[in-house]
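J.: What follows is a structure written as structure tokens; I'll ask about it next.
Residue numbers (the numbering used here): 2 to 325.
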């Protein structure tokens, strides 16, 4: 017969073993990490790129009746803010276009843009799992408190293409390409780990970088009269920035400063945008309320974590001639 102490020890073996196992489990890095802070920090500048394609000035001429060599002009200005939890990016977008008629059906367009936005926000807790380096001397992934998001986003470029207006239709097609540069300057967040073996460790997560793209695009624009003084102008644009590039990152912490490029996160995704402008026929002024609605609905699906995508885009183009 087993002694009483033996029976007691056997009865306690299972709970004691479980308790012993709990200690290292609590100290180990988070298992099966999902999306973390870097998905937001990558999605915000990509969302700003989508804003540019969505609001790019497309050719809006009435080529019928135009003399060869005649110029017509397009412009846009937008205010935008994309929120991703406790980090935001917002500012203004400016674009100009000039279209030269080659015939009553064909033309060429030059286009340029400059977008000035800034990163800001508050503080919050999220999973921290940088993957641009595999030798970060911290017990990761773990949860961290992030604060002081800051930095500037400058997005600018130029390009052009061919313009075609099919006979008998109030439709304009634009086939072009852009050279564009996305410059992220001082794009940083402070972090402090709150779980794991290195709880309390702090430093800076930095995603400052410069990305250059060549971007073919196709635009479609239609004009439909709304009475005598107004025009409804739906539009669609598709763009594909090339080459797709890894998302650059840098992390500092206790005794280390490491940089790298993430293969699993990329800058430069293809995009299809839809807008619908309400324009005053005589002045050529308009507001693209369709872009506002599309961006608010689509961007939260395209870029997970973007929860407050807002844009208001004002447009102008050379007014159509009466009767054209």
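Where a beta carbon is used, it is the ideal one built from N, C-alpha and C, also for glycine.
When the distance is taken between beta carbons, is residue 161 closer than 8 Å to residue 187?
T.: For the purposes of this step, residue 187 is taken as the residue at position 186 of the chain shown. For the purposes of this step, residue 161 is taken as the residue at position 160 of the chain shown. Result no, Cβ atoms of residue 187 and residue 161 do not sit closer than 8 Å.
J.: Can you tell me the Cβ-Cβ gap for residue 332 and residue 218, rounded? I've got them flagged as a contact below 8 Å.
T.: Summary: the structure shown does not reach residue 332, with the chain confined to residues 2 through 325, and so no result is reported for it.
J.: Please name the residue in 53, 257, 182, 172 whose C-alpha comes closest to that of residue 158.
T.: Along the chain shown, one-based indexing puts residue 158 at 157. Here the closest residue by C-alpha is 182.
J.: Examine the Cβ distances between the region 58-65 and the region 100-111 and report whether three or more of them are shorter than 8 Å.
T.: Flag = yes, the region 58-65 and the region 100-111 touch.
J.: Does the distance from the C-beta atom of residue 125 to that of residue 147 stay below 8 Å?
T.: Within the chain shown, numbered from 1, the residue matching residue 125 stands at position 124. Within the chain shown, numbered from 1, the residue matching residue 147 stands at position 146. A contact, by the Cβ cut-off of 8 Å.
J.: Under three-state DSSP, which class holds residue 75?
T.: Position 74 of the chain shown, counting from 1, holds the residue named residue 75. Looking at residue 75 - three-state DSSP - the assignment turns out to be strand.
J.: Skipping 5 residues on each side, what residues in its chain have a beta carbon closer than 8 Å to that of residue 36?
T.: Translated into positions along the chain shown, residue 36 becomes position 35. Excluding residues within five positions, the ones whose Cβ falls inside 8 Å are 128, 305, 306.
J.: Assuming residue 122 and residue 87 form a contact by the criterion Cβ under 8 Å, report the distance between their Cβ atoms to the nearest whole angstrom.
T.: In the chain shown, counting from the first residue as 1, residue 122 sits at position 121. In the chain shown, counting from the first residue as 1, residue 87 sits at position 86. About 5 Å; that satisfies the 8 Å criterion.
J.: Of the choices 235, 299, 39, 48, whose alpha-carbon is the least far from that of residue 134?
T.: On the chain shown, residue 134 is found 133 positions in, with the first residue counted as 1. Comparing Cα-Cα distances from residue 134 to each of 235, 299, 39, 48, the minimum goes to 39.
J.: How would you write the range of the beta strand (DSSP E) that residue 112 sits in, first residue to last?
T.: One-based indexing of the chain shown puts residue 112 at position 111. Taken as a continuous stretch (DSSP letters only), the beta strand (DSSP E) holding residue 112 covers 107-122.
J.: Given a threshold of 16 other Cβ atoms within 10 Å of its Cβ, counted over all protein chains shown, does residue 287 qualify as buried or as exposed?
T.: For the purposes of this step, residue 287 is taken as the residue at position 286 of the chain shown. Under this definition residue 287 is a buried residue.
J.: Report back the beta-carbon spacing between residue 58 and residue 71 to the nearest angstrom; my notes put them in contact at under 8 Å.
T.: Working through the chain shown from its first residue, we reach residue 58 at position 57. Working through the chain shown from its first residue, we reach residue 71 at position 70. Not really, about 18 Å apart at Cβ, beyond 8 Å.
J.: On the DSSP letters alone, give me the boundaries of the alpha helix (DSSP H) that residue 56 sits inside.
T.: Taking the chain shown and counting its residues from 1, the one referred to as residue 56 is at position 55. First-last of the alpha helix (DSSP H) with residue 56: 38-56.
J.: DSSP three-state label for residue 296, please.
T.: Within the chain shown, the letter at position 295 stands for residue 296. Correct three-state label for residue 296: helix.
J.: Do the CB positions of residue 117 and residue 110 come within less than 8 Å of each other?
T.: Counting from one through the chain shown, the residue named residue 117 turns up at place 116. Counting from one through the chain shown, the residue named residue 110 turns up at place 109. Not closer than 8 Å, so no.
J.: Buried or exposed: which applies to residue 302, given that a residue is buried once 16 or more other Cβ atoms fall within 10 Å of its Cβ?
T.: Working through the chain shown from its first residue, we reach residue 302 at position 301. Exposed, because fewer than 16 other Cβ atoms sit within 10 Å of the Cβ of residue 302.
J.: What did DSSP end up calling residue 301 once you bin it into helix, strand or coil?
T.: As a position in the chain shown, residue 301 is number 300, starting the count at 1. Reduced to three states, the DSSP call for residue 301 is helix.
J.: Between residue 42 and residue 163, what straight-line distance do the alpha-carbon atoms span, to the nearest angstrom?
T.: Translated into the one-based positions of the chain shown, residue 42 becomes position 41. Translated into the one-based positions of the chain shown, residue 163 becomes position 162. Roughly 36 Å separates the two Cα atoms.
J.: Quick check on DSSP: helix, strand or coil for residue 177?
T.: The sequence position of residue 177 within the chain shown is 176, counting from 1. Three-state DSSP puts residue 177 in a strand.
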